[in-house]
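Chains as they are written, first to last, in the working numbering: chain F, 1164 to 1494; chain U, 91 to 563.
Pasting the structure below:
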């Protein structure tokens, strides 16, 4: 096999973050979209479902400081356009584009053009809110992100850089699915034990739609049941936004990058990823729910963050000691 | 495009016929489409002094500029000769300085040139080539003659626009290509890579590691850096990606350190290595010059070659060609008055309202006085500057740069242009057919720089009708 020159560490880092930010932008767009639709179906007294969205994003504090009350307008401004909120769609696309710009020679031109036009789209909307409705804008962003994924897989060699990219998007996706599950389950839980309201199904369907999983869930389980939804979003192998699928794919890419066979490890990040994956393979849903889904998901998120952190240390940053060693070793 | 008497030049006839046959508004529609495409493709440059990261598109004019086959053949020969002469000169300056000893050029001129780098003395770049990539600025005066305005030996930019402009023309305005044999420009990245790879020492093996060193994404030419790296399939590195150890340059990768053989650097000499040049440079690589001197890494262009970019040194290029090559220069210089010569200075000060005065070490249209467009106050200011530091100023007659048809709003008007061909010096000297035509979009303006209201056009060099054009090169 002819081996390509390995990636610059800086480039690997930028590709990883570019993918994470695009995935994040898409998720936020989808969350807002689903919530807008949900509002239309709910009775008036239940209408304010915007606070949970802020909770999902993990930026409650910053929101509280800037806006106070979680009204529809405030939440949408904050999540879609706010430049100070580093996780808003706008900030994510800006960051994705900055990262893409710094690695333009590594990714394909088509990918760059796609990231660039996504950014220009929201930038324009932000400066001059035009005729385009919010629904159209969010749909547009979601489709543009899907297109980016398609363009990526169709125009870029599945080389080292691609694996870093996949690692980024899978880690981000797993994180987002775990957050939406966590927040929604917490809110909906009381009504699953007490008398269910006719709107519970709507809420649960919204959770599934938030991760584009409604149709695929129906095919597998049919009726809406919280237990099965947890099973689907946590444990499914095949659904591309299920946590187990994401972790599996991330693990493969990590090992493709390091060259260590799956199942063994030479870096702390690989070891941690292995633990994460083994845990998902060995738990069953009733036990998780019984001992507390929130605690379980919390633990999962902590581990995923740690993997990201270790990865950075293992592969992206080269300390002076490493430098001396490999200077002696490589060609 | 036209003769003085208004007759259409032969080479432009077909294009003009095509343009005339377009429906009303079609040209404008194509122009709008082209600009939108530029923005989408992110073909932008960063504006200094504006907020960090502000980007603009480089305005593009849809009407191409045409150069006939015979004229181009002459330009090409002239440029090859000039580059050979300049290269001999630079090599001589950093070795024996014969041209100074023979009193062809006063030693004083070199010693005081701000782009002269004594640190480069005795360095032997591979094959003794110092100027691998050059972007010479040419202008056509109202006498019909083409003159060399500047040599731009250091880190010339703009070639990416040549390639992208051609691509843009094909995408938005394909109908104008019909029936014309235009020489392709796509070959440039391959030629450039070939030139760079040839610089590697034999020990680097079959596939030497070539990288492009950029100051980073906030540099005004960042688009070009990433574009060229992408087109050549080489890595785009920043100073912080490189490290020097035991006089060898390494880059930091996910698999550890990898040896670097050739660096196409797009960083000025001053910032290249803080141990040798500017100490406060954060962009460069400490120890790089030591590795270079030890021939463990090749640099293109060779540091120090900017000595010939000094505008006083420029005035001596025709003498260099005669001295080193024993040939008469093919391309003429613009007549240049050197203010450190008493007689010249007197003439310059008396004729400030007619001349263009330039600082010897500035580029990009800065530090310049255009006499006929200046105020009394500006002329007095320049007179003071010239008297205070005569070595730093030269003056040239105000050239009536040729004008070519340009789309302005919804009309076609004449605008002043220059031309920057790109020359690669590797095993032989290759001149890219065409180059960057920059156009002063403001009416009457003679300043074509992108930083000051300039735009660009696709430049078509017609193939000799007798020869077949190969599009697959």
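Where is the CB? At the ideal position from N, CA and C, for every residue including glycine.
Asked: Inter-stretch contact (C-beta, 8 angstroms, three-pair minimum) for the segment 1183 to 1200 of chain F and the segment 1303 to 1322 of chain F; Found: yes
Asked: Proximity of residue 1172 (chain F) and residue 342 (chain U) at Cβ, strictly below 8 angstroms; Found: yes
Asked: Alpha carbon of residue 141 (chain U) to alpha carbon of residue 135 (chain U), nearest angstrom; Found: Here residue 141 (chain U) scores only 48 on pLDDT, less than 50, and its place in the model should not be relied on; the value that follows carries that caveat. Approximately 13 angstroms, taken between the alpha carbons.
Asked: Of the residues U:171, U:130 and U:129, the one placed nearest residue 519 (chain U), counting alpha carbons only; Found: U:171
Asked: Minimum Cβ-Cβ distance from residue 319 (chain U) to chain F less than 8 angstroms; Found: yes
Asked: Closer than 8 angstroms to chain U by CB, residue 1175 (chain F); Found: yes
Asked: Within 8 angstroms, strictly: CB atoms of residue 259 (chain U) and residue 154 (chain U); Found: yes
Asked: Proximity to residue 412 (chain U) [Cα-Cα], best of U:349, U:173 and U:120; Found: U:173
Asked: Residue 402 (chain U) beta carbon less than 8 angstroms from that of residue 450 (chain U); Found: yes
Asked: Straight-line gap, residue 484 (chain U) to residue 1282 (chain F) (C-alpha atoms, nearest Å); Found: 47 angstroms
Asked: Residue 249 (chain U) to residue 221 (chain U) span [Cα, whole Å]; Found: 16 angstroms
Asked: Beta-carbon proximity check, residue 457 (chain U) vs residue 207 (chain U), cutoff 8 angstroms; Found: no
Asked: Interface residues of chain U facing residue 1420 (chain F) [CB-CB closer than 8 angstroms]; Found: 344
Asked: Residues near residue 1466 (chain F) by beta carbon distance below 6 angstroms, same chain, minus five either side; Found: 1439
Asked: Cβ pair count under 8 angstroms reaching 3, the segment 432 to 449 of chain U against the segment 193 to 202 of chain U; Found: no
Asked: Short CB-CB distance (under 8 angstroms) between residue 314 (chain U) and chain F; Found: no
Asked: For residue 495 (chain U), the residue or residues it bridges with in DSSP; Found: U:504
Asked: Residue 564 (chain U) - partner residues in DSSP beta bridges; Found: Nothing can be reported for residue 564 (chain U): it is not among the residues displayed for chain U, which extend from 91 to 563.
Asked: Proximal chain F residues relative to residue 326 (chain U), where beta-carbon distance stays under 7 angstroms; Found: 1268
Asked: Residue 1430 (chain F) - partner residues in DSSP beta bridges; Found: Its beta-bridge partners do not exist; DSSP assigns none.
Asked: Nearest to residue 1315 (chain F) (by Cα), restricted to the options F:1275, F:1343, F:1468 and F:1286; Found: F:1275
Asked: Chain U within 8 angstroms of residue 1276 (chain F), Cβ atoms only; Found: yes
Asked: Beta-carbon gap between residue 1406 (chain F) and residue 1373 (chain F) smaller than 8 angstroms; Found: no
Asked: Euclidean distance between Cα positions of residue 1201 (chain F) and residue 1195 (chain F); Found: 10 angstroms
Asked: Sequence-distant residues of the same chain with beta carbon closer than 6 angstroms to residue 215 (chain U), five excluded per side; Found: 392
Asked: Neighbourhood of residue 1167 (chain F) by C-beta distance below 8 angstroms, restricted to the same chain and skipping five residues each side; Found: 1322 and 1323
Asked: Neighbourhood of residue 266 (chain U) by C-beta, 8 angstroms cutoff - its chain only, sequence neighbours within 5 removed; Found: 105, 108, 109, 154 and 259
Asked: Delimiting residues of the beta strand (DSSP E) encompassing residue 326 (chain U); Found: 325 to 327
Asked: Beta carbon proximity, residue 1496 (chain F) to chain U, threshold 8 angstroms; Found: Shown here, chain F extends from 1164 to 1494; a query on residue 1496 (chain F) therefore has no answer.
Asked: Euclidean distance between Cα positions of residue 116 (chain U) and residue 536 (chain U); Found: 29 angstroms
Asked: Residue 329 (chain U) vs residue 366 (chain U) beta-carbon contact at 8 angstroms; Found: no
Asked: Contact with chain U by residue 1306 (chain F), beta-carbon distance below 8 angstroms; Found: no
Asked: Extent of the continuous alpha helix (DSSP H) run through residue 312 (chain U); Found: 312 to 322
Asked: C-beta contact flag for residue 1426 (chain F) and residue 1182 (chain F) at 8 angstroms; Found: no
Asked: CA-to-CA distance, residue 521 (chain U) to residue 514 (chain U), given in whole angstroms; Found: 6 angstroms
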